[in-house]
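Colleague: Residue numbers (numbering that gives the first Met the number 0): 0 to 149. What follows is a single structure, and I will ask about it in a moment.
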Amino acid sequence: MEAAKYDRKAVEGFIPHRFPFLFIDEVLEWTETRIVCTYHFKGDEFFFQGHYPGSPIVPGVILCESAMQAGAVFLSKAFQDTGEGGSKMPVVGRMNEVKFKNIVRPGNTIRLEVSLKEKMGSAWFMNAKILNEGKTVLTFEFACTETARP
Numbered sequence: 000m001e002a003a004k005y006d007r008k009a010v011e012g013f014i015p016h017r018f019p020f021l022f023i024d025e026v027l028e029w030t031e032t033r034i035v036c037t038y039h040f041k042g043d044e045f046f047f048q049g050h051y052p053g054s055p056i057v058p059g060v061i062l063c064e065s066a067m068q069a070g071a072v073f074l075s076k077a078f079q080d081t082g083e084g085g086s087k088m089p090v091v092g093r094m095n096e097v098k099f100k101n102i103v104r105p106g107n108t109i110r111l112e113v114s115l116k117e118k119m120g121s122a123w124f125m126n127a128k129i130l131n132e133g134k135t136v137l138t139f140e141f142a143c144t145e146t147a148r149p
């Protein structure tokens with residue numbers, strides 16, 4: 000396993016996401032088949048104002064998005080290896096088997112574990128698992144396809 004630490008500034012070099020819609024603070028591990036990232040929910044994120052006032056929780060779609068962003072970081076190296084780094088980007092085509100198991104609240108730091116299941120042509124099939132304090136929060140499968148950057 001290759002240890003690969005990258006901070007938020009480095010992450011911005013891998014994917015086009017930016018504040019307020021970048022949900023990765025750090026890359027902890029990055030191998031040929033897996034990436035592990037973290038994100039800390041500070042509590043001032045835009046969605047907490049309305050999801051649920053007085054008892055805020057991270058929306059499930061934001062959790063899914065954070066894992067898919069980790070997948071995009073993972074794929075950025077694959078695109079570089081093919082010489083298409085600046086011209087290609089991943090776009091999510093589907094999500095399957097989405098299972099929410101626990102809640103994430105302001106102040107929590109999640110661990111995003113995304114692994115490559117299979118590559119077929121221009122499609123990448125991945126598994127995602129999000130943990131909070133060692134407990135599984137969410138698991139799902141997703142697929143990305145390569146598309147040209149605008």
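Don't be surprised by glycine CBs; every beta carbon is placed ideally from N, CA and C. In this text the structure is predicted, and so the values were computed from the model without any measurement.
Taking the C-alpha atoms as reference points, what is the distance between Thr138 and Met67?
Modeller: The straight-line gap from Cα to Cα measures roughly 12 Å.
Colleague: Reducing DSSP to helix, strand and coil, say where Leu21 ends up.
Modeller: Here Leu21 sits in coil by DSSP.
Colleague: Which stretch, first to last residue, makes up the beta strand (DSSP E) that contains Gly92?
Modeller: Looking at the DSSP string, the run of the beta strand (DSSP E) that includes Gly92 is Lys87 to Phe99.
Colleague: Using only the alpha-carbon positions, how far apart do Arg33 and Phe45 sit?
Modeller: Rounded to whole angstroms, Arg33 to Phe45 spans 30 Å at the Cα level.
Colleague: Quick one: what's Ala172 bridged to in DSSP?
Modeller: With the chain represented from 0 up to 149, any question about residue 172 goes unanswered, as that position is not in the structure.
Colleague: Only counting the same chain, and skipping five residues up and downstream in sequence, which positions put a Cβ closer than 6 Å to that of Glu145?
Modeller: Once the five neighbours on either side are set aside, the close Cβ partners of Glu145 are Lys87 and Ser121.
Colleague: In the structure shown, what three-state DSSP assignment does Lys4 receive?
Modeller: Strand.
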